[in-house]
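Residues 574 to 690, numbered by the numbering used here, are exactly what the sequence shown covers, in order.
In this text, a Cβ means the ideal position worked out from N, Cα and C, and glycines have one as well.
Structure first, then comments.
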Amino acid sequence: MIDKFLETIKKVLQERLKEIKKQLEEIASKSQRNQKGYDAKFPNYGRSDDENAEEVAAFEDSLSLEKNLESSLEEVELALSNISKGKYGVCETCGQKIKKKRLEILPTARDCMSCKN
Ligand SMILES: [Zn+2]
């Protein structure tokens with residue numbers, strides 16, 4: 574039995590998951606090394622020194638963006654798996670329920686306000 578609140582959170586998270594994956598696929602491809610991971614793509618602008626320098630700069634941007642996206646993806650996936658296990662919304666630190674208000678603002682929150690502070 575899943576309540577209305579969780580239903581809404583789940584939708585928000587699933588939308589976010591889609592969005593993150595879309596962004597990841599633009600700048601990265603699925604990693605060969607680990608199934609869940611992504612590797613940033615190396616851009617190809619051309620062969621001149623200028624173009625090569627731009628490629629390196631763009632690649633560095635992609636790398637850090639890819640890292641951020643990947644960790645957001647993990648958080649969203651964790652929250653979704655917690656929903657399906659019925660463990661969503663419980664503070665990892667003190668085991669208390671996290672306030673709905675906090676979860677509405679930050680659906681991937683893993684700790685309650687008092688533990689966060
Ligand atoms: Zn707590």
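{"query": "Residues in its own chain within less than 7 Å of ARG683 by CB, not counting five upstream and five downstream?", "result": "GLU665"}
{"query": "Extract the residue ranges of the alpha helix (DSSP H) inside the region 658-686, only unbroken runs of 4 or more that lie entirely within it.", "result": "673-678"}
{"query": "Check whether the Cβ atoms of LYS672 and MET686 lie closer than 8 Å to each other.", "result": "yes"}
{"query": "So is LYS673 in contact with chain C if we call contact Cβ pairs under 8 Å?", "result": "You won't find chain C in this structure, because it holds only one protein chain."}
{"query": "Any residue with its Cβ nearer than 6 Å to a heavy atom of ligand 1 should be included. What is that list in chain order?", "result": "CYS664, THR666, CYS667, GLN669, ASP684, CYS685, SER687 and CYS688"}
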